[in-house]
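Asks: Residue numbers 1191 to 1497, in our numbering, belong to the letters of the sequence shown in order.
A virtual CB, placed ideally from N, CA and C, is assigned to each residue, including glycine.
Questions regarding the structure given below will be posed in turn.
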Amino acid sequence: MHDELTIADECGVRRAPMRRKRERGVLLVALLTAVMMGVEIVVGYATRSMALLADGWHMATHVGALGLASAAYWVSRRFAGHPAFAFGTGKVRALAGFTSAVALGLVAVAMVVESAHRLLQPHAIDFATSLPVAVLGLLVNLVSVFLLHTHDDHDHDHDHDHNHRAAFMHVVADAFTSALAIAALLAGQFFGWVWLDAVSGIAGGLVILKWGASLVRSTSCELLDVSFSRLLEDQIRGELEALDDVRVRDLHVWSLGGGAKSCVVTLATAAPRDVRRYREALSRFALAHLTVEVRRCEGDHGAHVHG
């Protein structure tokens, strides 16, 4: 005899106010970064500073990423609960992160190529103009870091918002490349190391490329339903098998996006219980969607059961 028991629970409502705050913070930072990006690119071309140009184009990738992050928040909020999204809209934010990561990698390659060209064929740099703009860019980046940090409710462990973390990492990386540009310009002005401007562009491009690859890996895992955590699976298995006469025959746990987790489990037991008993056993894991299939298994627990 086979009994199939299914339960489902959406747990994103309590996180909505926090995500609205983060959405506003990301949008504000995107607008601020867009203004500074335009200034750096224009001045970079005018002064022939590759470090400033690299920082400006780096900012451009962040404007795109922050814009995508803001749009992802809106879409996931607008269509939350829509029947077309079987498991919710959490992966909209992961998709935005993946797209921005690919764009980030392409721009990083372009930065490295252009910087290498400038290294082989140096150009004169207007330090008097480019340095103040680079410093202003760093200040804008630090303000952006502060804005995103203050829109975070310090609930990282309970609400794994990949979209917000990606936006935060973007502005932190931007602050790093701004500092790199300033150091290169100072070295060129006071020590005559003009070549360091191009080298800093190459270094900045490689940093962006590495960060983009890391983001591609993490978002791909979420988009492709890679197992959430082997440790979590072992913990869930342990909780269920601690019940009398229960064996876990099949277990899958994956991310739905935005910190939500889904679990599908097949149990074998000689005495099936009410579904609420299995749900209570897993309540501490805060699963957004839980499907429990119970197979009646007479006699030996080790008998093979198809899931």
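(1) For residue 1525, does the count of other Cβ atoms within 10 angstroms reach 16, so buried, or fall short, so exposed?
(2) So what does residue 1450 bridge to, in DSSP terms?
(3) Are residue 1219 and residue 1305 touching if we call contact CB-CB under 8 Å?
(4) Between which residues of its own chain and residue 1238 is the CB-CB distance below 8 Å, once the five residues before and five after are set aside?
(5) With H, G and I counted as helix, E and B as strand and the rest as coil, what does DSSP make of residue 1238?
(6) Output the boundary residues of the beta strand (DSSP E) element that contains residue 1479.
(7) Do you know how far the Cα of residue 1323 is from the Cα of residue 1448?
(8) Would you identify the three-state DSSP class for residue 1459, choosing helix, strand or coil?
(9) Figure out for me which residue from 1300, 1233 and 1487 has the closest Cα to the Cα of residue 1437.
(10) Spatial neighbours of residue 1493 within its chain, please: CB distance less than 7 Å, with the 5 preceding and 5 following residues excluded, ordered by chain position.
(11) Please list, in chain order, all residues of the same chain as residue 1377 whose beta carbon is under 7 Å from its beta carbon, the five residues on each side excluded.
(12) Give me the residue from 1411, 1421, 1459 and 1434 with the minimum Cα distance to residue 1475.
(13) Whose CA, out of 1482, 1369, 1371 and 1332, lies closest to the CA of residue 1358?
(14) Decide if the stretch 1402-1422 is in contact with the stretch 1282-1291; the criterion is three or more beta carbon pairs, one per stretch, under 8 Å apart.
Replies: Taking the geometry as given:
(1) Shown here, the chain extends from 1191 to 1497; a query on residue 1525 therefore has no answer.
(2) One-based indexing of the sequence shown puts residue 1450 at position 260. Its beta-bridge partners are 1447.
(3) As a working mapping, residue 1219 is identified with position 29 in the sequence shown. As a working mapping, residue 1305 is identified with position 115 in the sequence shown. The answer is no: Cβ separation not under 8 Å.
(4) As a first step, residue 1238 must be located in the sequence shown, where it is residue number 48. Around residue 1238: 1313, 1314, 1315 and 1316.
(5) Numbered from 1 along the sequence shown, position 48 holds the residue referred to as residue 1238. Residue 1238: coil per DSSP, three-state reduction.
(6) Start at 1 with the first residue of the sequence shown, and residue 1479 comes out as number 289. Its beta strand (DSSP E) spans residues 1479-1486.
(7) In the sequence shown, the residue the question calls residue 1448 occupies position 258. In the sequence shown, the residue the question calls residue 1323 occupies position 133. If you take the alpha carbons of residue 1448 and residue 1323, they lie about 37 Å apart.
(8) Stepping through the sequence shown from its first residue, residue 1459 is reached at position 269. Residue 1459 falls in the strand class under three-state DSSP.
(9) Looking up residue 1437 in the sequence shown gives position 247. When each option's Cα is compared against that of residue 1437, the closest is 1487.
(10) The residue you call residue 1493 lines up with position 303 of the sequence shown. Legend: pLDDT at residue 1493 = 42, less than 50; position of this residue unreliable, no value from coordinates given.
(11) Looking up residue 1377 in the sequence shown gives position 187. The answer, listed in chain order, is 1383 and 1386.
(12) Taking the sequence shown and counting its residues from 1, one reaches residue 1475 at position 285. When each option's Cα is compared against that of residue 1475, the closest is 1421.
(13) Taking the sequence shown and counting its residues from 1, one reaches residue 1358 at position 168. The option with the nearest alpha carbon to residue 1358 is 1332.
(14) yes
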